[in-house]
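Q: Using our numbering, the first residue of the sequence shown is number 65, and each one after it goes up by one.
All residues carry an ideal CB built from backbone N, CA and C; glycine is no exception.
Quick one: the structure is below, and I'll ask about it shortly.
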Amino acid sequence: MAMAPLTRPWHHWCDHGTISTAVAPSPGLCTPSVAMDPPQPGDGVGDRLAWPPTPLCHAVPRPMATREPARTFPCPGSPGDPILPREGVGTGGVLLATWVALMARWPVAGRIVARLLEEKAPLRVLELGTYCGYGTVLLAMGLPPGARLYTVEGDPRHAAVAEKVIRLAGFDEQMVELIVGPSEEVIPRLRDKHGLTQADFVFMDHWKRRYLRDLQLLESHRLLAPGATVVADHVLFPGAPHFLQFAKSCGRFRCRLHRVGLEYWPAIPDGLAELRYTGKP
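Below, the structure written as structure tokens:
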């Protein structure tokens with residue numbers, strides 16, 4: 065029997081389990097008691113995570129503490145539980161640190177993107193940088209009926225975890241298509257191989273040095289619909305200055321910067337760039 069996907073608004077989901085330095089675990093949360101493994105050379109996450117991450121005293125959703133979340137998921141498709149396993153905590157440090165970061169940041173950044181999704185009601189959405197699928201699920205939750213989300217992840221190991229997270233959240237291949245491969249190779253074949261003619265909404269959260277190149281690829285392959293919205297995360301820290309400079313100076317985008325704190329250290333200024341594609345120089 066097919067299960068219904070999540071229907072809670074993004075901002076509701078973001079509020080669940082907000083992190084604080086005082087340990088007061090909510091249902092479905094745990095306080096990790098294991099040491100986190102630092103990222104290893106070749107992990108491919110060097111520009112995403114700083115080490116060490118936020119202190120271990122924070123309450124952390126359980127699934128990102130293991131590299132096999134599907135073994136401990138409760139009810140698939142349940143609105144409150146899709147990424148909150150009840151059993152098992154491992155030492156997958158990269159995933160655990162990511163969850164700490166996401167739960168700290170998304171109550172702010174998530175509300176911004178949720179508002180944009182509600183305003184734009186896009187039917188064709190492209191995400192560059194699936195990572196472990198948390199943001200993908202939140203994007204999918206904010207889309208109108210009949211919308212389709214294409215999400216691109218370059219690291220097969222992250223994609224394997226994301227696949228489980230997305231499907232257990234109740235989104236099948238018709239709703240969310242996970243594409244594995246480098247963005248510079250995937251973007252040119254999105255139309256012919258995956259059926260994405262043009263995107264109404266693009267969310268970038270992959271390697272920051274690729275933001276500019278991939279934006280230009282989307283333009284050159286005519287994959288941005290007139291009036292399309294492009295949202296790029298972490299444009300101030302670690303930063304994507306060339307991307308911002310191009311978007312502001314080329315004359316084809318209307319730009320707005322939403323300022324938020326860096327997830328690991330909120331005192332460090334960061335921001336999301338919101339671009340509206342006009343197509344006119």
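How is the beta strand (DSSP E) around residue 341 delimited, first residue to last?
A: 333-341
Q: Less than 7 angstroms between C-beta atoms, sequence neighbours within five positions excluded: which residues of the same chain meet that for residue 176?
A: The beta carbon of residue 176 is closer than 7 angstroms to those of 322, 336 in its chain, skipping five residues each way along the sequence.
Q: Would you call the CB atoms of residue 266 and residue 203 closer than 8 angstroms?
A: no
Q: Whether or not the segment 223-232 and the segment 255-269 are in contact is what I'm after, with contact meaning three or more pairs of Cβ atoms, one per stretch, closer than 8 angstroms; do they touch?
A: no
Q: In angstroms, rounded to a whole number, what distance separates the CA positions of residue 297 and residue 248?
A: 18 angstroms
Q: Report the residue from 250, 304, 271, 315 whose alpha carbon sits nearest the alpha carbon of residue 346.
A: Because the chain spans 65 through 345 in this model, residue 346 falls outside it and cannot be assessed.
Q: Whole angstroms is fine: what's the gap from residue 340's alpha carbon to residue 290's?
A: Approximately 9 angstroms, taken between the alpha carbons.
Q: Is residue 290 helix, strand or coil when you go by DSSP?
A: Looking at residue 290 - three-state DSSP - the assignment turns out to be strand.
Q: Name the DSSP bridge partner or partners of residue 261?
A: BP columns for residue 261 are empty, so no partner.
Q: For residue 314, count the other beta carbons within 10 Å of its own beta carbon; 16 or more makes it buried, fewer makes it exposed. Which is it?
A: exposed
Q: Threshold first: 4 residues or longer. Then list the alpha helix (DSSP H) segments lying entirely within the segment 197-275, N to C.
A: 198-205, 220-232, 247-250, 254-258
Q: Could you give the distance in angstroms between the alpha-carbon of residue 219 and the alpha-carbon of residue 287?
A: 23 angstroms
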